[in-house]
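Chains as they are written, first to last, in our numbering: chain A, 15 to 247; chain B, 15 to 247; chain C, 15 to 247; chain D, 15 to 247. Yeah, the Cβ is synthetic: ideal placement off N, Cα and C, and Gly gets one too. Okay, so here's the structure we're looking at.
Protein chains: 4
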Amino acid sequence: MSEKVCVVSGVGPGTGAALTRRFVAGDYRVAMLARNAERLAKLETDIAGAKAYPCDVSDPRQIDTAAAAIERELGSPAVVIHNAVGGAFGSFLEIDPAVLNQNFQTNAMGLLHLARRFVPGMITRGAGALIATGNTSALRGRASFAGFAPTKAAQRILAEAIARDAGPKGVHVAYVVIDAVIDVPWTRERFKERPDSFFIKPSAIADEIFHLAHQDKSAWSFNVEIRPFGESW
Amino acid sequence: MSEKVCVVSGVGPGTGAALTRRFVAGDYRVAMLARNAERLAKLETDIAGAKAYPCDVSDPRQIDTAAAAIERELGSPAVVIHNAVGGAFGSFLEIDPAVLNQNFQTNAMGLLHLARRFVPGMITRGAGALIATGNTSALRGRASFAGFAPTKAAQRILAEAIARDAGPKGVHVAYVVIDAVIDVPWTRERFKERPDSFFIKPSAIADEIFHLAHQDKSAWSFNVEIRPFGESW
Amino acid sequence: MSEKVCVVSGVGPGTGAALTRRFVAGDYRVAMLARNAERLAKLETDIAGAKAYPCDVSDPRQIDTAAAAIERELGSPAVVIHNAVGGAFGSFLEIDPAVLNQNFQTNAMGLLHLARRFVPGMITRGAGALIATGNTSALRGRASFAGFAPTKAAQRILAEAIARDAGPKGVHVAYVVIDAVIDVPWTRERFKERPDSFFIKPSAIADEIFHLAHQDKSAWSFNVEIRPFGESW
Amino acid sequence: MSEKVCVVSGVGPGTGAALTRRFVAGDYRVAMLARNAERLAKLETDIAGAKAYPCDVSDPRQIDTAAAAIERELGSPAVVIHNAVGGAFGSFLEIDPAVLNQNFQTNAMGLLHLARRFVPGMITRGAGALIATGNTSALRGRASFAGFAPTKAAQRILAEAIARDAGPKGVHVAYVVIDAVIDVPWTRERFKERPDSFFIKPSAIADEIFHLAHQDKSAWSFNVEIRPFGESW
């Protein structure tokens, strides 16, 4: 089996599905990770070349189980994308503190678990990519993102620490700041009055990440930012 | 009782003790928080005007208990300094993942718990300061700080989210990046060959934080960086 | 004539020539700008599809003259890349102050002149890209780059101001931080002992910039950083 | 004569006058630099301990002349503050390109000239401070600040390059980002409807800079940011 393998966490109807389709189109077998087994099963039916591995990435044992199955059924992944995300809205007084902790488990600890499980194999092969999707909360703490932004900041800096270690060993680690509202049904509903140009397309995000995963070894990006042309920043 | 009250977490022989002495010298009663009750008791004996409140800041119930005692015995704090810190050394593959999580509890969740317990009173009074001590790991993920840097980045961004909420309500929140090795016995031992100028003095850190806590309301700093004159950066 | 047009400033044997070849390969006619007419003429002979327009970009009248010729002979450019650069080495006391000023003329004023001459046409067409090549000096002032880094910082912030104005009008402005030594004969001579992996390949830079110039409108990057896999940062 | 000497450039009725008063209050003789000789003469009459040296800081010969007079009449400065600033408003298409260049001469070249003239003496004495006042334009290019922001970015990075060279030699270089509208008559007129809390007080800026110039050598700040408590950022 000569196809390359890509693992995507947090596969739902938006960015995760778009990443799956993009890597399948680029001749990858894609292992889809998410907690929602039912939704994953449906996507498996929809996308030939993609396979569902229900899994909570904040639990290293579940990652181990999923990883063993992926390696047995598809092979060792060349690309791992940590797209799963736990979010929250509210100021430091409004949020339940447990929410900040839970988001840290998914966003930061999940990245650590995935990296520890998959990157050693990439280092052995001297090739591979680990990419995390983030947003401007990784760089800036808005008042209403007290339960979320700290965990994305942690995630970005963890990715940086992994990049500095694994990069010289041939493994490309990158962090993508998506500075926009992603075009999915529920955001269209919430921002009804906005024009198309307000949204970033999941397929465009996926194109950028596919490009990123295949950059020439002499010209890798770590920090990547993408936003719609009309976005003010 | 007209003296102002300052709470300092993570009081050991270094920065915490220096902060305590500085605020006592500035006519504050200082409540010292730390897990090590014995060490705190000794400092209480040494520093007139300081009182020990053994407490693990990662546990909100312990903070509640300590806070109630502080308010009863000293009064509501005008200044709270989160100086407690959990550290670790090692790459993402070398560390025990539990260490990253534990450091998050002390560094980030501890800040959230302290803020939730003390800042509402400051908002009511329209005055007060919440200051966290950090270091360059808050801004940069070195390979060997995979178990630590993400938690300081989270802490800084959480402080920023609190600052944006509490600032306009009269509460000054700031984050101090100490870009240096602090001059304490164990660092002197570890960096034996280094000259005095290599180290940042705990008393100088304390002077800066005292200044910060008393800036004119029209000219507050959030991000503060301090380093010895000879530090390359 | 249906081919698109690309203007590249600062075309010499390194990044400029690689950009020229990459855009020619991507079906562009390329207008090469540089002060050295002789070297340009040779490249024109070497690269079918590229045309030489000797020009000092720090002089708006020379840009006007070249631009008029380009538009007459090739058409209005869809992509303009400001790659010309004036450099210097030395501390603030070692440099001739005139050098800082001269580099500002080429690096920052040159970008402004190019933008003023070419971007209005792109805005009218609602499409186009203006990309500047930079390096880490745009973000950081090392002691020995006192005559250079300030001009790259100015250039990056000018690009940002242009991006915020022209972006919503359909023109993609981006800034590429090349965090590496570029692989050209004179750097190979200077860093003789370094392995291949130390250098960034001009062709890889060109690939990234070509990609950047063709990103989906819903997912544009402004800040772009690229470095070899083995680079420590 | 045991008093210390401070040089302030760009002394007008706002920050410059406040700096002058603050350093005079702190037992400095203050040399005031500005192009407007008449206004300077008036301030000299108003502030005992301050002396007028009309001078355009973008011209190194005028700086030399003023410096020679200052050293003869007051002594070598312990503190130099580059507060002179050339500004502009408008997008990259709206501004006259000459304005960007002129602002560069005052903001960046002026800093270089002052540093080259005064810092060598400080290095010889192993003590002194060079401080530049800036604003958020040094960090961010808003569309309407195309003729200004690039020059403040250049200024900040130049200050950083000087800091890295002169710091280890005992000279403290710092850059102050004033993230607010300064409270002076013309801004009060322009932002009539704003409350007091909207503005940063020149005297508060001056207090911060005085503090900065006297930080303990083991705990220097380079980047300093100050903003009113109610400022959103």
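Can you give the Cα-Cα distance for residue i and residue j, rounded to whole angstroms?
| i | j | result |
| --- | --- | --- |
| E82(B) | A227(B) | The residue you asked about is not Glu; residue 82(B) is Ala in the sequence shown. Distance between the alpha carbons of A82(B) and A227(B): 23 Å. |
| W234(D) | A167(D) | 21 Å |
| E239(A) | V238(C) | 8 Å |
| D210(B) | R139(D) | 19 Å |
| D197(B) | Q116(A) | 36 Å |
| M15(B) | R53(B) | With a pLDDT of 48 at M15(B), under the threshold of 50, the predicted position of this residue should be treated as unreliable, though the coordinate-derived value follows. For M15(B) and R53(B), the distance between alpha carbons rounds to 27 Å. |
| K231(D) | A175(D) | 19 Å |
| P242(A) | A194(A) | 7 Å |
| I214(D) | V190(B) | 22 Å |
| F205(B) | G28(B) | 16 Å |
| L47(A) | L114(B) | 23 Å |
| A152(D) | T120(D) | 15 Å |
| V25(B) | A157(A) | 29 Å |
| A180(C) | V19(C) | 19 Å |
| E207(D) | P199(D) | 14 Å |
| T150(D) | A64(C) | 42 Å |
Would you say residue i reaches chain A, if we count a Cβ-Cβ gap shorter than 9 Å as a contact?
| i | result |
| --- | --- |
| G142(C) | no |
| W200(C) | no |
| S23(B) | no |
| M136(B) | no |
| E207(C) | no |
| M15(B) | Note on M15(B): pLDDT 48, under 50, position unreliable in the model; no value is reported. |
| A122(B) | yes |
Could you tell me whether any Cβ in chain B is nearer than 9 Å to the Cβ of residue i?
| i | result |
| --- | --- |
| V133(A) | yes |
| Q116(A) | no |
| S235(D) | yes |
| H96(D) | no |
| Q262(A) | For chain A, the structure presents residues 15 to 247; residue 262(A) sits outside this window and is missing. |
| A32(D) | no |
When you compare the CB of residue i with every CB in chain D, is at least one pair closer than 9 Å?
| i | result |
| --- | --- |
| E239(C) | no |
| D251(B) | The question about residue 251(B) has no answer here: the residues shown for chain B are numbered 15 through 247. |
| P27(B) | no |
| K231(B) | yes |
| P91(C) | no |
| D197(B) | yes |
| D73(C) | no |
| P68(C) | no |
| A194(B) | yes |
I want to see whether chain C comes within less than 9 Å of residue i, judged by CB atoms only; does it?
| i | result |
| --- | --- |
| D179(D) | yes |
| A129(D) | yes |
| S3(A) | Here chain A comprises residues numbered 15 to 247, so residue 3(A) is not present and cannot be evaluated. |
| S246(A) | yes |
| G184(A) | yes |
| F37(A) | no |
| S126(D) | First, the amino acid is wrong: residue 126(D) is Leu here, not Ser. Yes, its Cβ sits closer than 9 Å to a Cβ of chain C. |
| A227(A) | no |
Could you check if residue i belongs to the surroundings of the ligand SAM, using beta carbon to heavy atom distance under 8 Å?
| i | result |
| --- | --- |
| D110(D) | For the ligand SAM, the structure offers nothing, since it holds no ligand at all. |
Can you list, in chain order, the stretches of the alpha helix (DSSP H) that have 4 or more residues and sit fully within the region 196-222 of chain B?
199-204
Can you list, in chain order, the residues of the region 154-182 of chain B whose Cβ is nearer than 8 Å to any Cβ on chain D?
R178, G181, P182
Between the region 64-74 of chain C and the region 107-124 of chain C, do three or more beta carbon pairs fall short of 8 Å?
yes
Taking only beta carbons into account, state which residues of the region 98-109 of chain D come closer than 7 Å to chain C, listed in chain order.
S105, F106, L107
For the structure I just gave you, are there three or more beta carbon pairs, one from the region 87-102 of chain D and one from the region 154-173 of chain D, closer than 8 Å?
yes
Members of the region 46-59 of chain A near chain B, C-beta cut-off 7 Å
Listed by position along the chain: nothing, the set is empty.
Is the region 179-186 of chain B close to the region 131-147 of chain B, with three or more CB pairs under 8 Å?
yes
Beta strand (DSSP E) runs wholly inside the region 111-165 of chain C, at least 3 long, in chain order:
You should have 142-148.
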